[in-house]
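Numbering (the numbering used here), first residue to last: 698 to 1325.
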């Protein structure tokens, strides 16, 4: 429902402040009428109780505190999406500027879209040929990636962007649909004309959609431009099954706009004057396009609530069944990655639970935006928006208060580093499901396929070294060590992995291998660092894992069937692998759609926590008058 207000509280650069607002939400679109005839648009970028800070797209020129009529629209910024937009040119907020008029009968989509959880990407196998040797040969552009271009003094970034659009293709042997979504920010009129003319003359204009934010356009519009481009790209990719290359230039202009708006809001600047959330803001753009797939998978999974897992008839005639029920209200304390916000909420809602989310300060604005979209979607579907709630205080105090909400929270789940998990487990007064510190091992048995072992370790350590299912320690059977360690090192050194080894490891590979300290055997490095130990055989390997593992993920590489079965039986961990990388311990890979975390405890939930792990059970009993 739209709400209207007369007058403004203050004006500062491209921002206006409106006090006394009710039922406003982050990223809500606002309409202004200035002097009864001039119309402008804006969006809410900050809320503080009844005060809203609003970015004005067209700038605040001619606006005063008493000549402005403000209307809250009740919906976020939306942009038109259609296949007919290919070959067309639009401004930074998606309005046609090529003289061909608006797109008829087109859909509209929220420009905030959905972020991509990096671990949800398909393994990159197919590349996009840009025709630029430095990119194709050294930093190959894989399908599904975006190409952000940053300017620098003396660098012809505009020419580079145009050249890539002219030359980009899926390769000579591909007949799949391919298109380019091109977003340009802060460009001069002559540069915009250069782009248009270049694309037309090269014959590629018909499969390019351009979003142009000119240098004299609003700085606020500049922050919307990449979102509009990505929203169209998502539509063409997911709805129309096209391969889309997104080119965003110049990202330096985008960052400068973010800095200017941040300064207008009076925020304390970070490095070089940029806001502290610059990197998380950029990540929210780069990571868009694929989390929706995980959410859709969750939605498509069978509803666990109400499932009868057991039904028996007792000798006295009672029929006793066991039925899944929601846990109730789940609290989640997590750090950094904003994809957790969407994953966690989707899983909790699908399993019939309400969720209270408390993320970190690093991705606070992203979390706000995602929760706002989800609450709006819930209300549209006829459900209470409060099924998903965000704690908008990222201080330690709010975390401590959440840990003490007995009578309100049914369970608390921490997700983050070892320090966070330890603090929650030690201090929480509500039940806690402990998730994953991962000191994960790969044991290379005497009967291992050494090439396979090297590939597994390379993947387990280097594909994403910061995650909890990455390998932190390799155990190598003495009988295979002299042949295996040089083979593995040949791969690991391509990623600059630092080895910390036992004396036998150093004797084989050389003194440049750092001596392993005792603490290294118990450390989750989260980096390109790997501890290596030579062991006397299977029993020593299993004993070592029992002493130093965290119960997360453990793997053996072996061709010996009986050794593999013993490893599965004797190693105590949430996930135990034979001849596979520990990196597969993930809800998406396990067919759960997404995950709330990796539980390393031994209660009802262990391993990747999907829908079933977010339910409890109740007994239901049917009788015919039985008494005891």
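Ideal placement from N, C-alpha and C gives every residue a C-beta, glycine not left out. On a predicted model such as this, the values are computed, not experimentally measured, just so you know.
* **Ordered list of alpha helix (DSSP H) runs contained in the segment 1268-1311, each at least 4 residues** => none
* Whole-number beta carbon distance between residue 925 and residue 808, since they are thought to touch under 8 Å -> 6 Å
* Determine the extent of the alpha helix (DSSP H) in which residue 1166 is found, giving its start and end residues. => Where residue 1166 is concerned, there is no enclosing alpha helix (DSSP H), given that its DSSP letter is neither H nor E.
* Could you tell me whether the segment 715-732 touches the segment 763-770, where touching means 3 or more Cβ pairs closer than 8 Å? => yes
* **residue 1080 burial status per 10 Å Cβ neighbour count (16 or more: buried)** => exposed
* How big is the Cα-Cα spacing for residue 1067 and residue 946? -> 25 Å
* Tell whether a beta-carbon distance below 8 Å holds between residue 1127 and residue 1100. => yes
* Beta-carbon gap between residue 922 and residue 910 smaller than 8 Å -> yes
* **Bridge partner(s) assigned by DSSP for residue 676** => Residue 676 cannot be examined here, being either before or after the span of the chain that is shown, 698 to 1325.
* With a Cβ-Cβ cutoff of 8 Å, do residue 752 and residue 799 count as a contact? -> no
* Candidates 1277, 1210, 954, 704, of which the one nearest residue 1200 by Cα -> 1210
* Along the chain, which unbroken stretches of the alpha helix (DSSP H) at least 4 residues long are found entirely within the segment 1110-1170? -> 1115-1124, 1147-1159
* For residue 1003, the nearest candidate out of 1015, 1021, 1026 (CA to CA) -> 1021
* Between the beta-carbon of residue 1247 and the beta-carbon of residue 1297, is there less than 8 Å? -> yes
* Let me know the secondary structure DSSP gives residue 1231 once reduced to three states. => strand
* What are the start and end residues of the beta strand (DSSP E) that includes residue 729? -> 725-731
* Proximity winner among 1124, 1050, 1062, relative to residue 1107 (alpha-carbon distances) -> 1050
* Asked: Where do the ends of the alpha helix (DSSP H) carrying residue 1339 lie?
  -> As displayed, the chain neither begins before 698 nor continues past 1325, which places residue 1339 out of reach and without an answer.
* **Coil, strand or helix - residue 818 by DSSP** => Because the pLDDT at residue 818 is just 49, under 50, the model does not fix this residue reliably, and the point stays unresolved.
* Asked: How about the segment 774-793 and the segment 711-720: do they share at least three Cβ pairs that are nearer than 8 Å?
  -> no
* **Distance CB(residue 1304)-CB(residue 1295) smaller than 8 Å** => yes
* If you run the structure through DSSP and keep just helix, strand and coil, what is residue 987? -> Model confidence at residue 987 stands at a pLDDT of 45, short of 50, so the residue's coordinates are unreliable; what they give is reported in the following sentence. Here residue 987 sits in coil by DSSP.
* **Sheet register partners of residue 1023 (DSSP bridge)** => 1312
* **Local Cβ density within 10 Å of residue 804, reported as buried at 16 or more and exposed below that** => exposed
* Asked: Just curious, the alpha helix (DSSP H) that residue 886 is in, first and last residue?
  -> 886-898
* Tell me whether residue 1070 sits in a helix, a strand or coil according to DSSP, three-state version. => helix
* To do: Decide if residue 978 is buried, meaning its Cβ has at least 16 other Cβ atoms within 10 Å, or exposed.
  => buried
* Would you call the CB atoms of residue 1330 and residue 1272 closer than 8 Å? -> One cannot answer for residue 1330 here, as it falls past the ends of the chain, which runs 698 to 1325.
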